[in-house]
Amino acid sequence: MKSSSRDQLVRLFEKCNSSKILAQLQCLTLKLGLTHDSFFATKLSALHSKYTSLVQAHKVFDETPTKTVHLWNALLRSYCKENQWKQTLYLFHDMVSYGITKGKPDNYTIPIVLKACAGLQALEFGKMVHGFVEKMEKTDVDMFVGASLIELYSKCGKMDEAFQVFLGFSQPDVVMWTSMITGYEQNGNPEKAVDFFSQMVMIEHLNPDPVTLVSLASACTQLSDSKLGSSIHGFMIRRNLDYDLSLANSLLNLYGKTGSVNAAAKLFEGMPTKDVISWSSLIACYSQNGLTAEALNLFNEMIDRKIKFNSVTAVGVLQACAVACNLEEGKRIHELVTRKGLELDISVSTALIDMYMKCFSPEEALYVFEKMPKKDVVSCAALLSGYSTNGMSFKSMGTFNTMRLNNIKPDAVAMVKILVSCSDLGILQQALCLHDYVIKTGFTNNIFVGASLIELYSKCGNIVNAMKVFEELKVKDIVTWSAIIAGYGIQGQGREALKLFNKMIETSEVMPNEVTFLSLLSACSHAGLIEEGINIFNMMLHKYRIKPMMEHYSIIVDLLGRTGELDRALNFVEKMPIPAGPHVWGALLGAACIHHKSELGEIAAKNLFKLDPNNAGYHILLSKIYAVEKNWDNVGKLRDMVKEKRLKKMFGESVIEAGNEVHSFVANDRLHSECDQIYRLLRNLNVNMRDESYSSNSKSCLQGTVEIV
DNA sequence: GTAAGTGTTC
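1 is the number of the first residue of the first sequence in full-length UniProt numbering; add one for each residue after it.
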């Protein structure tokens, strides 16, 4: 009788799927006097953690006198599932010290405990558990334990140790292989991850499952290998795995990151089920590939279809607003996000700051920043770099100081942003301090930081230090090479820049890219090296097969133009394979202005007024050409046009360091306390320059402007 | 009972 009611109860427990049924089952167990039966206690504890609470689960555990391994395991698993890793470890400690009634920690216990260790990155505790495993009979250790050990070591960044565990098994299963692949992928070694995958499939003839393919797809994302990615997609379809949501989502991400927008959209269309991750991934894919309208449309579709979005979705769509410079939509999403209470999420706030900064609304960005309950490196970096894009780099330095006061340590990206902001200011004193800081914080060998430091010193006029930084870099990549080449260019030392370029070609295996050529061409332009510049341009085209961008064309026009080769410049523009953009015509207009060629100026201006009608600078340049010719009628017409269109010219601001002070000036500035003396000195300089027959053109004074247009 | 998927500053 008793045994049959016990069997019935077992069956009822199997069917339990709600807290209500659980409560009834608990009553029934009590009535039948089976609460102390460790089997039911274990079941009750597990069900409580699933349907009610951990507290209830723990209560059942406490009230059970016979604590079997199963009961312990159930409670450990409950804590671990709730990510209460510390509690899990305390509990395990109790279990081995004094708590256990029957048996000892087993193959079920170890993976739970190891998971908690991995979550806490508690390597020492994990090693102790490993020691525990090593004392077990080898035949008793199963592959669940093996996979968990691999996960522990891989989460602690110890792939060598993970590999040793892996080698300890003669026939590792798919999960163990996958754990290794995931480990390498997550520790920044995607090549090795792909290697292990090939071995597993080609040599061991094991069948990858969806999880294996997810990890492989992540590795492909890191490698930007969309080819291998598509073959995963093919494999997935052949094996009918396309129902696997995680796998489809990770492919969606892969396509997005490798710029295969159409493939991503097609995959998304065909997915039988989609979750918030699928939607967010495609929105981010659109944003990151510049299809901002598509990103916004998809987000709006989500709202229309009442699909709930989360903070990740918000970040993706805010990026679209930032890229599109769409302040209106940005504000609307800010409101939506606030209504959902997501605006305090640190990454949403950061995306908002970035969006407002890129939409030229630094006040709004600061408002979001100040409301953040907790600031981190990334949000500070977003604010700091936003100030520099809004021409307020002096505020960036203030933000950097706030960071230091709040003990927020910059990472490599933040460091780059700080250095770039300082470059805008061109303050050598500050540059030296920052360099010192870079050394102290150990960023000296980061190539991105190195390149920014080189640029900083160049812009502060200290090429010696720029070169020192360059020479001390252990690894020199194309970015650092281009930075030092550009540095010499800024100094007007075009020949040195060319020498460095040749040295790079001869002594290293680094291949020049479009940025390198931009730096080189601009160096030639600043130094007036016409033929060298043309040669470099041809070399880029024919030897390196790099397709010139608009910037390359405009530099060549600038180079020809400022050296007086105006016919060649116009001829060059007319032969361009793509229609010339505003910068190209602008360079031509600038050249026409320096050399007083009103006819050429008119050609350029005609195109510019079409391409960039609201730019006051071009109107002013043309009017200056007319002024030199004393063609006051046309000057007047242009001035009227500017007034009529209400165009405003942006002020160019100069900053100079004298002693320990930084002074800033704009054109015709009379605000400085020593203004009279400054203008007196300028006049003297002008006289001296004329005496030295320097070909300054005080009538147009446009040399600086040509670079800006 | 073990392995996996989207996001913030370059």
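Every residue, glycine too, gets a C-beta built ideally from N, C-alpha and C. The structure presented is a predicted model; accordingly, all values stated were derived computationally and were not measured.
Following the continuous alpha helix (DSSP H) through LYS499, name the residue where it begins and the one where it ends.
Here the question's residue 499 lines up with position 499 in the first sequence. Here the alpha helix (DSSP H) through LYS499 covers 494 to 507.
Please classify MET200 as buried or exposed, where buried requires at least 16 neighbouring CB atoms within 10 angstroms.
Indexing the first sequence from 1 puts residue 200 at position 200. Around the Cβ of MET200, a 10 Å sphere holds 16 or more other Cβ atoms; the residue is buried.
Taking 7 Å as the limit between beta carbons, can you name the residues of its chain near SER5, skipping five residues before and five after?
Sequence index remark: in the first sequence, residue 5 carries index 5 (1-based). Sequence-distant partners of SER5 (beyond 5 residues in either direction) whose C-beta falls short of 7 Å from its own C-beta, in its chain, are LEU32.
Pair within 8 Å by beta-carbon distance, GLY487 and HIS526:
Against the first sequence, residue 487 aligns to sequence position 487. Against the first sequence, residue 526 aligns to sequence position 526. For GLY487 and HIS526, no; Cβs fall outside 8 Å.
With a 10 Å radius around its C-beta and 16 neighbouring C-beta atoms as the bar for buried, classify ARG670 as buried or exposed.
Position 670 of the first sequence, counting from 1, holds the residue named residue 670. Per the 10 Å Cβ criterion, exposed.
Decide if the stretch 77 to 86 is in contact with the stretch 102 to 116; the criterion is three or more beta carbon pairs, one per stretch, under 8 Å apart.
Judged by Cβ distances under 8 Å, the stretch 77 to 86 makes contact with the stretch 102 to 116, as three or more pairs qualify.
Buried versus exposed, by CB contacts within 10 Å (16 or more), SER231:
Against the first sequence, residue 231 aligns to sequence position 231. That one is exposed.
Alpha carbons only, please: which of VAL438, LEU588 and VAL145 is nearest the one belonging to LEU473?
Start at 1 with the first residue of the first sequence, and residue 473 comes out as number 473. The option with the nearest alpha carbon to LEU473 is VAL438.
Nearest by alpha-carbon distance to THR29: which of VAL10, LYS15, ASP195 and MET302 is it?
The residue you call residue 29 lines up with position 29 of the first sequence. Nearest of VAL10, LYS15, ASP195 and MET302 to THR29, Cα basis: VAL10.
Indicate whether ASN310 and SER281 have their beta-carbon atoms separated by less than 8 Å.
Position 310 of the first sequence, counting from 1, holds the residue named residue 310. Position 281 of the first sequence, counting from 1, holds the residue named residue 281. Result no, Cβ atoms of ASN310 and SER281 do not sit closer than 8 Å.
Hey, ILE530 and GLU565: beta-carbon distance below 8 Å or not?
Counted from its first residue, the first sequence places residue 530 at position 530. Counted from its first residue, the first sequence places residue 565 at position 565. Between ILE530 and GLU565, the CB-CB gap stays under 8 Å.
I'd like to confirm the pairing. Which residues does DSSP put opposite THR68 in its beta bridges?
As a working mapping, residue 68 is identified with position 68 in the first sequence. DSSP output for THR68 lists LYS102 as bridge partner(s).
Any idea if LEU500 is buried or exposed, counting beta-carbon neighbours within 10 angstroms, 16 or more meaning buried?
The residue labelled residue 500 in the question sits at position 500 within the first sequence. LEU500 is buried by the Cβ-count criterion.
In the structure shown, what three-state DSSP assignment does HIS334 receive?
As a first step, residue 334 is located in the first sequence; it is residue number 334 there, counting from the start. For HIS334, the secondary structure class from DSSP, reduced to helix, strand or coil, is helix.
Leaving out the 5 sequence neighbours to the left and right, which residues in its chain are closer than 7 Å to ALA627 when beta-carbon positions are compared?
As a first step, residue 627 is located in the first sequence; it is residue number 627 there, counting from the start. Answer for ALA627: VAL635, listed in chain order.
6 Å Cβ shell around GLU496 - same chain, five flanking residues per side excluded:
Your numbering for residue 496 matches position 496 in the first sequence. If you ignore the 5 residues before and after GLU496, its C-beta comes within less than 6 Å of the C-beta of TYR488, all in its own chain and listed in chain order.
By how many angstroms is the C-alpha of LEU54 removed from the C-alpha of GLU329?
Counting from 1 along the first sequence, the entry for residue 329 is found at position 329. Counting from 1 along the first sequence, the entry for residue 54 is found at position 54. Rounded to the nearest angstrom, the two C-alpha atoms are 44 Å apart.
Simplified DSSP assignment, three categories, for VAL475
Taking the first residue of the first sequence as position 1, residue 475 is located at position 475. Coil, per DSSP.
What number of angstroms, rounded off, separates the C-alpha of VAL709 from the C-alpha of ASN615?
Here residue 709 is taken as the residue at index 709 of the first sequence, counted from 1. Here residue 615 is taken as the residue at index 615 of the first sequence, counted from 1. Residue placement at VAL709 is flagged as unreliable, the pLDDT there being 23, under the threshold of 50; the coordinate-derived value follows with that caveat. Cα-Cα distance, rounded: 10 Å.
Coil, strand or helix - ILE620 by DSSP:
Walking along the first sequence from the start, residue 620 turns up at place 620. Of the three classes helix, strand and coil, the one that applies to ILE620 here is helix, per DSSP.
Nearest-angstrom Cα distance between LEU588 and CYS524?
Residue 588 sits at position 588 when you count from the first residue of the first sequence. Residue 524 sits at position 524 when you count from the first residue of the first sequence. Going by the C-alpha atoms only, they are around 17 Å apart.
Would you mind working out which of GLY461, SER361 and LEU621 sits nearest LEU600, comparing C-alpha positions?
For the purposes of this step, residue 600 is taken as residue 600 along the first sequence, with counting starting at 1. Measuring from the Cα of LEU600, the nearest candidate turns out to be LEU621.
For VAL706 and GLY586, I'd like the C-alpha separation in whole angstroms.
Within the first sequence, the letter at position 706 stands for residue 706. Within the first sequence, the letter at position 586 stands for residue 586. Caution applies to VAL706, whose pLDDT of 29 falls short of 50 and renders its modelled position unreliable; the value that the coordinates give is listed next. About 8 Å.
Residue burial classification, VAL378 (beta-carbon count within 10 angstroms, cutoff 16):
As a first step, residue 378 must be located in the first sequence, where it is residue number 378. So VAL378 ends up on the buried side.
Under 8 Å Cβ to Cβ from VAL69, same chain only, skipping five residues before and after it: list those, please.
Counting from one through the first sequence, the residue named residue 69 turns up at place 69. If the five residues before and after VAL69 are omitted, its C-beta is found closer than 8 Å to the C-beta atoms of ILE100, LYS102, GLY103, LYS104, PRO105, ASP106, TYR108 and THR109, all from its own chain and listed in chain order.
Over what stretch of residues does the alpha helix (DSSP H) that includes SER554 continue unbroken?
Here residue 554 refers to the residue found at position 554 of the first sequence. 550 to 562 is the extent of the alpha helix (DSSP H) around SER554.
Starting from GLN87, follow the alpha helix (DSSP H) in both directions and report where the run begins and ends.
Taking the first residue of the first sequence as 1, we reach residue 87 at position 87. Looking at the DSSP string, the run of the alpha helix (DSSP H) that includes GLN87 is 85 to 94.
According to DSSP, is ALA523 helix, strand or coil?
Looking up residue 523 in the first sequence gives position 523. Reduced to three states, the DSSP call for ALA523 is helix.
Backbone CA spacing between ASN73 and ALA324 [nearest angstrom]:
For the purposes of this step, residue 73 is taken as the residue at position 73 of the first sequence. For the purposes of this step, residue 324 is taken as the residue at position 324 of the first sequence. ALA324 has its alpha-carbon roughly 53 Å from the corresponding atom of ASN73.
Taking C-alpha atoms, which residue in GLU301, MET392, GLU514 and ASN631 lies nearest to VAL276?
Residue mapping note: residue 276 aligns to position 276 of the first sequence, counting from 1. Across the set GLU301, MET392, GLU514 and ASN631, the C-alpha of GLU301 shows the shortest separation from the C-alpha of VAL276.
Output needed for MET1: all residues of its chain with C-beta closer than 6 Å, excluding positions within five of it in sequence on either side, in chain order.
The sequence position of residue 1 within the first sequence is 1, counting from 1. Note that MET1 scores 44 on pLDDT, short of 50, meaning its location in the model is unreliable; the coordinates nonetheless yield the value given after this. Nothing meets the Cβ criterion.
At the level of alpha carbons, what is the spacing between ASP140 and VAL165?
In the first sequence, counting from the first residue as 1, residue 140 sits at position 140. In the first sequence, counting from the first residue as 1, residue 165 sits at position 165. Using only the alpha carbons, I get a separation of about 15 Å.
Would you tell me roughly how many angstroms separate the C-alpha atoms of LYS630 and HIS619, rounded to the nearest one?
Locating residue 630 in the first sequence gives position 630, where the first residue counts as 1. Locating residue 619 in the first sequence gives position 619, where the first residue counts as 1. If I take the Cα positions, the gap works out to 16 Å.
Can you tell me whether SER18 is helix, strand or coil according to DSSP?
Here residue 18 is taken as the residue at index 18 of the first sequence, counted from 1. In this structure, SER18 counts as coil in the three-state DSSP scheme.
Residues near MET549 by beta carbon distance below 7 Å, same chain, minus five either side:
As a first step, residue 549 is located in the first sequence; it is residue number 549 there, counting from the start. Here the set comprises GLU514.
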